Amino acid sequence: MSGSNFSKKFIFNEKIDSDYLYSLYEDDYQYIEEIFGTTLAHFDEDYNSIRTAYEANNLLELKKAIHKIKPTFGFCGLPLVQHICKEFEDFCQKANTSNELKSEYQQIVITLAESKELIATEYNKLKEFNSNFL
1 MSGSNFSKKF
11 IFNEKIDSDY
21 LYSLYEDDYQ
31 YIEEIFGTTL
41 AHFDEDYNSI
51 RTAYEANNLL
61 ELKKAIHKIK
71 PTFGFCGLPL
81 VQHICKEFED
91 FCQKANTSNE
101 LKSEYQQIVI
111 TLAESKELIA
121 TEYNKLKEFN
131 SNFL
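Residues in the sequence shown are numbered from 1 upward in steps of one, following the UniProt record's numbering.
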């Protein structure tokens, strides 16, 4: 053993843009864990706001809900998901009814659910990783 914990590097899932995360947080894994934890703590409420607005055919609230959740994915190293949210937000702007967004909506709720699972998995791995250095 080298005795230096600072040489340990967390290996993120390949779907996460680790270079982007490191550009934001360097190698502050405890802070990244906190960001992921905060994201998970608010995710269901934000996700349910999206579903509720869509089901109520309230495009203004749907656009607001997507806009609110969008930056979350950048903070978690998922800029592609952030971009997908932006595209959906743009679709909301152009649509007259939620029914016009049916296929895009179905895809985005799947993408969001998969992203939550990924963030949760990485969060749990980060907690374990960080606990080894306390």
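Using N, Cα and C, we set each Cβ at its ideal position, and we do this for glycine too.
Being a predicted model, the structure only gives us computed values, none of them experimental.
Asked: Best match in Y20, F12, E100, I69 for proximity to L40 [C-alpha to C-alpha]; Found: I69
Asked: Contacting residues, own chain, Cβ-Cβ under 7 Å from K63 (five flanking each side not counted); Found: E89, C92, Q93
Asked: Distance between P79 and S23 (C-alpha atoms, nearest Å); Found: 13 Å
Asked: Within the segment 17-70, ranges of the alpha helix (DSSP H) (whole runs, at least 4 residues); Found: 18-25, 29-55
Asked: Local Cβ density within 10 Å of Y31, reported as buried at 16 or more and exposed below that; Found: exposed
Asked: Same chain, Cβ closer than 6 Å to I35, neighbours up to 5 away in sequence not counted; Found: F75
Asked: Own chain residues within Cβ distance below 6 Å of N5, not counting five before or after; Found: Summary for N5: the model assigns pLDDT 44, below 50, so the residue's position carries little reliability; its value from the coordinates is reported in the next sentence. If we look at N5 and ignore the five residues flanking it on each side, its Cβ neighbours are F133.
Asked: Check whether D27 and G77 have beta carbons under 7 Å apart; Found: no
Asked: Beta-carbon spacing of I50, A65 below 7 Å; Found: yes
Asked: A95 versus Y47: straight-line alpha-carbon distance, rounded; Found: 20 Å
Asked: Cβ pair L118, K15 closer than 7 Å; Found: yes
Asked: Cutoff 7 Å; reference Y20; Cβ partners in own chain excluding five residues on either side; Found: G77, P79
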